[in-house]
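Peer 1:
Here is the structure:
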């Protein structure tokens with residue numbers, strides 16, 4: 004059955020009524036009062052933040068997407084909406100974030116520069132601001148050639164550092180990318196990505212410092228599979244007092260067996276330790292051993308000094324969520340009262 008939208012219906016009934024009806028029924032709303040985002044508030048208060056990543060559908064039907072988020076909402080503080088993941092065209096992040104907002108769930112919206120020039124980026128930012136969606140995380144993304152439309156061309160006029168600086172000027176000065184002023188300035192909380200799996204710590208710290216200098220307020224790490232690697236990197240962060248200038252969030256890719264790890268190993272940039280692969284493959288109950296390994300990573304990450312939150316790069320198996328949530332709560336309490344000292348795998 005063909006259905007009419009509201010505008011079609013108004014035109015076919017009383018064309019002189021159309022605009023007055025739209026204006027008086029609240030379809031054009033004024034901006035909300037400016038305030039901190041929930042993420043910003045929780046981090047400032049010292050709360051250990053937990054988020055989970057959602058992948059919008061390659062479709063316009065959104066019921067399953069919304070339902071999945073609502074089912075995990077009790078165990079997380081917010082969701083992160085990835086942006087055309089793996090260079091596949093998907094439902095726009097703006098629409099996805101608006102759906103979460105209607106469900107009472109705060110979002111962090113990824114802004115991938117691979118398919119956005121500065122005009123497209125500003126358009127999305129204005130849309131987010133108009134929707135009172137404030138948390139954004141800037142990243143480069145996989146090239147278009149790796150995704151669903153390999154003939155698409157990458158946008159190359161903005162680097163990640165350029166975009167962070169431009170977002171900071173927009174937020175602090177109300178300055179669009181060409182210098183034009185808008186008032187009041189939108190209130191974005193800007194984050195970026197970093198990886199702890201590096202061989203050149205000096206270069207990594209220099210790049211990280213640049214991002215923070217340009218205005219990144221929170222830094223999300225790529226997925227951790229080895230605690231020692233993440234601690235080594237965070238030790239350098241602490242040595243430079245960068246953890247006092249930005250909030251750092253670790254990330255995990257939940258896995259429930261050997262096949263899950265093998266799939267993750269195919270993702271560019273991810274390296275799965277051979278010892279972990281062997282541990283799971285040699286276990287009689289791979290799912291149970293996987294849960295144990297995931298919980299060990301969660302506990303270890305929570306105890307690293309300077310890590311202020313944990314982001315799940317995918318939704319963990321639903322039956323695991325209560326156990327993960329309880330573990331984070333328990334470890335947080337032990338850290339708070341000094342019962343559990345900060346773990347440093349490099350010592351002892």
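In my numbering, the protein residues as written are 4 to 351.
Ideal Cβ positions, reconstructed from N, Cα and C, are used throughout, including at glycine.
Quick caveat, the model's predicted, so the values are computed rather than measured.
#1: Assuming residue 183 is part of the alpha helix (DSSP H), what are its boundary residues?
#2: By a C-beta neighbour count over all protein chains shown, 10 Å radius and 16 as the cutoff for buried, is residue 281 buried or exposed?
#3: Just curious, the alpha helix (DSSP H) that residue 335 is in, first and last residue?
#4: Between which two residues does the beta strand (DSSP E) containing residue 284 stretch?
#5: With distance defined between alpha-carbon atoms, name the residue in 62, 137, 127 nearest to residue 174.
#6: Can you tell which of 189, 99, 95, 261 has the C-alpha that lies nearest to the C-alpha of residue 287?
#7: Should residue 3 go down as buried or exposed, given a rule of 16 or more other Cβ atoms within 10 Å for buried?
#8: Between the alpha carbons of residue 200 and residue 225, how many angstroms are there, rounded?
#9: Once you ignore the five residues that flank residue 34 on each side, which residues in its own chain have a CB closer than 6 Å to its CB?
#10: Just how far apart, CA to CA, sit residue 66 and residue 127?
#11: Say the cut is 6 Å; is the CB of residue 42 nearer than that to a heavy atom of the ligand SAH?
#12: For residue 91, tell me which candidate among 149, 192, 133 has the shortest Cα-Cα distance.
#13: Could you please give the first and the last residue of the uninterrupted beta strand (DSSP E) stretch that includes residue 138?
#14: If you follow the beta strand (DSSP E) that residue 269 is in, where does it begin and where does it stop?
#15: First and last residue of the beta strand (DSSP E) that includes residue 68?
#16: Is residue 314 helix, strand or coil when you go by DSSP?
#17: Can you tell me whether residue 202 is helix, strand or coil according to DSSP?
#18: Excluding the 5 residues flanking residue 51 on each side, which residues of the same chain have their C-beta closer than 7 Å to its C-beta?
#19: Who are the near neighbours of residue 246 in its chain, counting only those whose CB is closer than 7 Å to its CB and skipping five residues on each side?
#20: Between the Cα of residue 124 and those of 110, 106, 97, spot the shortest distance and give me the residue it belongs to.
#21: CA-CA distance, residue 338 and residue 302?
#22: I need the straight-line Cα distance from residue 107 to residue 285, nearest angstrom please.
#23: Taking residue 55 as part of the beta strand (DSSP E), name the residues at either end of that continuous run.
#24: Taking only three categories from DSSP, how would you classify residue 355?
#25: Take residue 27 and list the residues in its own chain whose beta-carbon comes closer than 8 Å to its own, dropping the five residues that flank it on each side.
#26: Take residue 164 and list the residues in its own chain whose beta-carbon comes closer than 7 Å to its own, dropping the five residues that flank it on each side.
#27: What three-state label does DSSP hand residue 130 in the structure shown?
#28: Taking all protein chains shown into account, do 16 or more other C-beta atoms lie within 10 angstroms of the C-beta of residue 133, making it buried, or fewer, making it exposed?
#29: Give the C-beta separation of residue 112 and residue 131 to the nearest angstrom, bearing in mind that I take them to be a contact with Cβ-Cβ under 8 Å.
#30: Label residue 322 either buried or exposed according to how many other C-beta atoms from any shown protein chain fall within 10 Å of its C-beta, with 16 as the threshold for buried.
Peer 2: Let me spell this out:
#1: Here residue 183 belongs to no alpha helix (DSSP H), and DSSP marks it neither H nor E.
#2: exposed
#3: 324–339 is the span of the alpha helix (DSSP H), which, as asked, contains residue 335.
#4: Looking at the DSSP string, residue 284 is not in any beta strand (DSSP E); the run it does join, the alpha helix (DSSP H), is 277–284.
#5: 137
#6: Cα-wise, what sits closest to residue 287 is 261.
#7: Because residue 3 is not part of the residues shown, which for the chain are 4 to 351, the question remains open.
#8: 8 Å
#9: Here residue 34 scores only 42 on pLDDT, less than 50, and its place in the model should not be relied on; the value that follows carries that caveat. Here the set comprises nothing.
#10: Each residue's CA atom was taken as its position, placing residue 66 and residue 127 some 23 Å apart.
#11: In the structure shown, the ligand SAH is absent, as is every other ligand, since no ligand is present at all.
#12: 149
#13: 138–142
#14: Careful: residue 269 lies outside any beta strand (DSSP E) and carries neither H nor E.
#15: Premise fails: residue 68 lies in the alpha helix (DSSP H), 66–75, not in any beta strand (DSSP E).
#16: strand
#17: coil
#18: For residue 51, where only same-chain residues beyond five positions count, the Cβ hits under 7 Å are 305, 311, 312, 331, 335.
#19: Excluding sequence neighbours, residue 246 sits near 240, 309.
#20: 97
#21: 11 Å
#22: Distance from the CA of residue 107 to the CA of residue 285, rounded to the nearest whole angstrom, comes to 43 Å.
#23: 52–57
#24: Residue 355 lies beyond the range of the chain shown here (4 to 351); nothing can be said about it.
#25: For residue 27, the predicted structure reports a pLDDT of 39, less than 50, and the residue's modelled location is therefore unreliable. The matter cannot be settled from this model.
#26: Cβ neighbours of residue 164 beyond the five flanking positions: 213, 214, 217.
#27: Residue 130: helix per DSSP, three-state reduction.
#28: Label assigned to residue 133: exposed.
#29: 6 Å
#30: exposed
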